[in-house]
Amino acid sequence: MTLICAHRVNEPDALREVPTDLGVEIDLHADGDRLVLVHDAFSTGPDFETWLAGYRHRFIVLNTKEEGLEQRITAMLTERGITEWAFLDQSFPFLVRSLRSGETRTMVRLSEYESVATAMALTPRPDWVWVDSFTGSWPPAEELRTLADHGFRLMVVSPELQGRPLDDEMPAITQRFLDAGIRLDGVCTKQPARWHRPEAPWWGP
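Read in order, the letters of the sequence shown correspond to residues 25 to 229 in my numbering.
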């Protein structure tokens, strides 16, 4: 089934409100020797250890807001037996370093400014492509099909995360996947209920 990830679930109280059959996206910074969940730099937030104590969910998108946090994050997740996750928004040197170390649980972005060729050039390849649009111009079906044929899983960035109405673009996004002949692997959204469409032909098996 399509993986729906609730966007920016940085507070333990917010995590408790998310159904456990969904994934979540979080933002991570270092605060001294602690890892904290907060979106903005030079701020602090809930402790990652505390947040993990309440985690019972399907998947974590780990948006790393600083370089070099990956080993600490991985160790904390491994200690708790959490295996379903992926890093997001690593700088390219750190993305390459992760892949070369054998860690493929990461995401490379596809958008108007980041190409299929970039994703295809990575060796080994990341597990996921973060399919984004900053302008409302979504990748063509042929590009989505190429990525799927090469083993990438595709997670769409729901348009409301870029400040655009979901209803204006959802039909075009899902039609792209239908035209490509593939299912939607995942979506990150502020509106999980709108994307929960098991009856839809684009819904993942």
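All C-beta atoms in this analysis are idealised placements derived from N, C-alpha and C, irrespective of residue type, glycine included.
Just the Cα atoms here: how many angstroms apart are Phe116 and Pro148?
When rounded, the distance between both Cα atoms is 14 Å.
Would you say the beta carbon of Pro164 is closer than 7 Å to some non-hydrogen atom of the ligand FMN?
Looking for the ligand FMN in the displayed structure turns up nothing, as the structure carries no ligands at all.
Given this structure, state the Cα-to-Cα distance separating Arg188 from His53, to the nearest angstrom.
Going from the Cα of Arg188 to the Cα of His53 covers about 27 Å.
Using a 10 Å radius around the Cβ and a threshold of 16 neighbouring Cβ atoms, would you call Glu94 buried or exposed?
That one is buried.
I need the DSSP call for Thr147, collapsed to helix, strand or coil.
DSSP places Thr147 in coil when its eight states are reduced to three.
Could you give the DSSP three-state label for Val33: helix, strand or coil?
It is coil, neither helix nor strand.
Since Arg177 contacts Asp151 with CB under 8 Å, what's their CB separation in whole angstroms?
That pair is a contact at about 6 Å.
What residues are listed by DSSP as bridge partners for His53?
Note: His53 sits in a beta bridge opposite Val60.
Please classify Arg104 as buried or exposed, where buried requires at least 16 other C-beta atoms within 10 Å of its C-beta.
Arg104 comes out exposed.
With distances taken from CA atoms, which of Asn87, Thr128, Gly228 is nearest Gly210?
Selected option, being the one with the closest Cα: Gly228.
I need the DSSP call for Ala110, collapsed to helix, strand or coil.
In the structure shown, Ala110 sits in a strand (DSSP, three-state: E or B).
Counting only runs of 4+ residues fully inside the region 72-125, write out the alpha helix (DSSP H) ranges in chain order.
Runs found: 72-77, 94-103, 116-124.
In three-state DSSP terms, what is Arg133?
Of the three classes helix, strand and coil, the one that applies to Arg133 here is strand, per DSSP.
What does DSSP give as the partner residue(s) for Gly210 in the beta ladder?
Gly210 is bridged to Leu27, Met179.
For Leu293, collect the residues of the same chain with a Cβ closer than 7 Å to its Cβ; drop the 5 residues on either side in sequence, then sort them by chain order.
The question about residue 293 has no answer, for the chain in this structure spans 25 to 229.
Which residue marks the beginning of the beta strand (DSSP E) containing Trp226, and which one marks its end?
Per DSSP, Trp226 belongs to no beta strand (DSSP E) and is neither H nor E.
Is it right to say Val60 is buried, meaning 16 or more other beta carbons lie within 10 angstroms of its own, or is it exposed?
Val60 comes out buried.
Whole-angstrom Cβ separation of Ser157 and Glu138, contact assumed at under 8 Å?
11 Å between Cβ atoms; not a contact.
Which residue or residues does DSSP assign as beta-bridge partners of Val48?
According to DSSP, which records beta bridges pairwise, Val48 is partnered with Ala30, Ile84.
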